[in-house]
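The opening position of the sequence shown corresponds to residue 8 in my numbering, with each subsequent residue numbered one higher.
To start, the structure under review is shown below, and the notes come after it.
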Amino acid sequence: MKYFALIDNQEYEIEIDGEQVWVNGNQVDIDFSRSGVPELYSILIDGRSFEVLIEEHRQDYAV
8 MKYFALIDNQ EYEIEIDGEQ VWVNGNQVDI DFSRSGVPEL YSILIDGRSF
58 EVLIEEHRQD YAV
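Have a look at this one:
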(Lines of atoms letter the chains of each structure in order from A and count residues from 1; the text may use other names and numbers.)
(Lines give C-alpha, C1' and ligand atoms only; values in the text may rest on other atoms or scores of the structure.)
Protein backbone atom coordinates (compact mmCIF):
# COMPACT_ATOMS: atom_id res chain seq x y z
CA MET A 1 0.00 0.00 0.00
CA LYS A 2 1.30 3.47 -0.85
CA TYR A 3 0.76 6.61 1.21
CA PHE A 4 1.76 10.22 0.82
CA ALA A 5 2.64 12.44 3.78
CA LEU A 6 3.15 16.19 3.84
CA ILE A 7 5.55 17.31 6.59
CA ASP A 8 6.72 20.95 6.79
CA ASN A 9 5.68 21.46 3.14
CA GLN A 10 7.76 18.46 1.98
CA GLU A 11 5.95 15.48 0.48
CA TYR A 12 7.05 11.93 1.30
CA GLU A 13 6.06 8.73 -0.49
CA ILE A 14 5.65 5.84 1.95
CA GLU A 15 5.16 2.30 0.70
CA ILE A 16 4.28 -0.57 3.03
CA ASP A 17 4.45 -4.20 1.88
CA GLY A 18 3.91 -6.60 4.77
CA GLU A 19 6.70 -5.85 7.22
CA GLN A 20 8.84 -3.91 4.73
CA VAL A 21 8.66 -0.12 4.51
CA TRP A 22 10.13 2.29 1.96
CA VAL A 23 10.28 6.09 2.27
CA ASN A 24 10.96 7.89 -1.01
CA GLY A 25 12.24 4.61 -2.46
CA ASN A 26 14.65 3.86 0.41
CA GLN A 27 13.97 0.84 2.60
CA VAL A 28 13.90 1.67 6.34
CA ASP A 29 13.81 -0.53 9.45
CA ILE A 30 10.61 0.15 11.38
CA ASP A 31 9.06 -1.37 14.49
CA PHE A 32 5.50 -0.18 15.08
CA SER A 33 3.35 -0.98 18.11
CA ARG A 34 0.22 0.35 19.78
CA SER A 35 0.64 1.81 23.26
CA GLY A 36 -1.93 1.83 26.09
CA VAL A 37 -3.84 4.74 24.50
CA PRO A 38 -5.84 3.66 21.40
CA GLU A 39 -4.61 6.48 19.11
CA LEU A 40 -1.01 6.51 20.39
CA TYR A 41 1.69 4.40 18.76
CA SER A 42 5.35 3.77 19.50
CA ILE A 43 7.57 3.68 16.41
CA LEU A 44 11.26 2.80 16.06
CA ILE A 45 12.70 4.08 12.77
CA ASP A 46 16.32 3.11 12.09
CA GLY A 47 16.89 2.84 15.85
CA ARG A 48 15.27 6.21 16.74
CA SER A 49 12.19 6.16 18.98
CA PHE A 50 9.03 8.22 18.33
CA GLU A 51 5.56 8.44 19.84
CA VAL A 52 2.87 9.16 17.26
CA LEU A 53 -0.75 10.20 17.80
CA ILE A 54 -2.95 9.17 14.85
CA GLU A 55 -6.44 10.66 14.59
CA GLU A 56 -8.88 9.38 11.96
CA HIS A 57 -10.98 11.96 10.12
CA ARG A 58 -13.65 11.40 7.47
CA GLN A 59 -11.32 11.31 4.47
CA ASP A 60 -7.83 11.33 5.96
CA TYR A 61 -5.71 10.96 9.08
CA ALA A 62 -3.94 13.54 11.25
CA VAL A 63 -0.57 12.34 12.56
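Backbone N, C-alpha and C define an ideal beta-carbon position, used for all residues, glycine too.
Residues V28, I52 of the same chain have their beta carbon placed closer than 6 Å to that of I37, with the five preceding and five following residues left out of the count. Within the DSSP secondary-structure output, E22 pairs in a beta bridge with K9, W29. One Cα belongs to D24, the other to N31, and the distance between them is close to 14 Å.
Across the structure, E22 and R65 are spaced so that their CA atoms are roughly 22 Å apart.
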